[in-house]
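Below is one structure, written out as structure tokens, with a few remarks after it.
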Amino acid sequence: MRDTLFPRWQGAFLAIFLLADGLYLETSPEDIFSFLISTIIFALITFIYLKLLAYFNIRDFEALCLKVPSFIGKPLLFIVGLIAVFVLILSGIRLSKFWQITAFPAIPQYLSMLVLFFVAWRAGRRGRTAVAMWAYPTAYLCVFIIILSLFITISDSTPEYAMNLPKYFNFNISTRFLYLIPALLLCTQTENLPTTKHCTTGVIIGGLGLTLISLRAYLVLGLACSKLPYPCFSAAGVFSVGDFLQRGEVIFACSIVLCEAVRSSLMLTLAITCFRSAIPALRKFKR
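Each residue of the sequence shown is one higher than the one before, starting from 23 at the first, in this note's numbering.
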């Protein structure tokens, strides 16, 4: 039985997959342009991929694998499952390292990873529909905090940095957008054909979010960003409102951590789906 995912949830998933990288971004002018270019390219890839699924009337990635010989389809599903596990582990390593450097130096990195994996397992084992119930508002919350922090930190930006941006333009594609490959496969694991409109919009929102986060850090900190381990997190430190809304970097980080938790949960559900489809003997085990 496929999970029931409403179109807007699918778009939110894609946005979250990108926004979850907001803490680890590079912030050089070249990287800012690469995020913007990658947003345009991967939005087109998403649009074309989903249009092809609709044209050939293929409901999802699993159905596509069933149309090819089993000696091709099952290994392909197994490989995608391994990719999902790799993304899950990579998320745990990066987030636990961030926690250890910025907030919890006394907590071992492996313990932070276990916390993330436990949250991912508890949410992911219930299926994508359950995850989507809090993934959709999480996407809205994260976008709202990003926009609010950008608006508040405008006064702390240096206009000269913005004037120098055009001379750094180059045509590069960010490898961070490769996360969208398993995310696209995940969004098509549903009872109905995914909607091109909402999925493409999700990619655009997530990509522009990364671009604006990186741009804000560069305009606030300049080329000094390269000397900081997490410049986007540091740049958010100037985000505050009066006496009642302080420590803007913590508020910003919490919203991104929520996205990382959602991404980890979704990767777990994708891995479970792929392994159960590739290895029939696993189907007798409940999630």
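All C-beta atoms in this analysis are idealised placements derived from N, C-alpha and C, irrespective of residue type, glycine included.
Treat the numbers as computed from the prediction; the structure is a model and nothing was measured.
Going by alpha carbons, who is nearest to V284 out of W121, P159, C254, A85?
Locating residue 284 in the sequence shown gives position 262, where the first residue counts as 1. Taking only the C-alpha atoms, the option nearest V284 is P159.
Classify I129: buried if its beta carbon has 16 or more other beta carbons within 10 angstroms, exposed otherwise.
Along the sequence shown, one-based indexing puts residue 129 at 107. I129 is exposed by the Cβ-count criterion.
Taking the beta carbon of V242 as the centre, do at least 16 other beta carbons fall within 10 Å, making it buried, or is it exposed?
As a position in the sequence shown, residue 242 is number 220, starting the count at 1. So V242 counts as buried.
Within 9 Å, strictly: CB atoms of Y201 and A34:
Within the sequence shown, the letter at position 179 stands for residue 201. Within the sequence shown, the letter at position 12 stands for residue 34. No; because the gap between Cβ atoms is not below 9 Å, this pair is not in contact.
Where L267 and A300 are concerned, what is the direct C-alpha to C-alpha distance, given to the nearest angstrom?
Numbered from 1 along the sequence shown, position 245 holds the residue referred to as residue 267. Numbered from 1 along the sequence shown, position 278 holds the residue referred to as residue 300. Note that L267 has pLDDT 49, beneath the 50 cutoff, so the model's placement of it is unreliable and the number below is only indicative. L267 and A300: Cα-Cα distance of roughly 50 Å.
Which of helix, strand or coil does DSSP assign to G264?
Within the sequence shown, the letter at position 242 stands for residue 264. The predicted position of G264 is uncertain, since its pLDDT is 49 and thus under 50; no value can be drawn from it.
My output table needs one value for N192: the three-state DSSP class, helix, strand or coil.
Position 170 of the sequence shown holds residue 192. Correct three-state label for N192: coil.
For E282, count neighbouring C-beta atoms within 10 Å of its own C-beta (all shown protein chains included) and say buried if the count is 16 or more, exposed if not.
One-based indexing of the sequence shown puts residue 282 at position 260. Buried, since its Cβ has 16 or more Cβ neighbours within 10 Å.
What's the C-alpha gap between Y77 and S256?
By one-based count along the sequence shown, residue 77 stands at place 55. By one-based count along the sequence shown, residue 256 stands at place 234. Distance between the alpha carbons of Y77 and S256 is about 46 Å.
How many Å lie between P204 and A106 at the Cα?
Locating residue 204 in the sequence shown gives position 182, where the first residue counts as 1. Locating residue 106 in the sequence shown gives position 84, where the first residue counts as 1. Each residue's alpha carbon lies about 7 Å from the other.
Buried versus exposed, by CB contacts within 10 Å (16 or more), F193
Within the sequence shown, residue 193 is the residue found at index 171, counting from 1. It is exposed - the Cβ of F193 has fewer than 16 other Cβ atoms within 10 Å.
Quick one: what's got a C-beta closer than 6 Å to W121's C-beta in the same chain, skipping five residues either side?
The count along the sequence shown starts at 1 and reaches residue 121 at position 99. If we look at W121 and ignore the five residues flanking it on each side, its Cβ neighbours are S134.
At the level of alpha carbons, what is the spacing between T291 and K189?
Indexing the sequence shown from 1 puts residue 291 at position 269. Indexing the sequence shown from 1 puts residue 189 at position 167. So the alpha carbons of these two residues sit roughly 44 Å apart.
Closest residue to I38 among K73, P253, L245, R198 (Cα-Cα distance):
To locate residue 38, count along the sequence shown from 1; it is residue 16. The shortest Cα separation from I38 among K73, P253, L245, R198 belongs to R198.
Classify L66: buried if its beta carbon has 16 or more other beta carbons within 10 angstroms, exposed otherwise.
Residue mapping note: residue 66 aligns to position 44 of the sequence shown, counting from 1. L66 comes out exposed.
With C-beta atoms as the reference, is S286 less than 9 Å away from L47?
Taking the first residue of the sequence shown as 1, we reach residue 286 at position 264. Taking the first residue of the sequence shown as 1, we reach residue 47 at position 25. No, they are not a contact pair.
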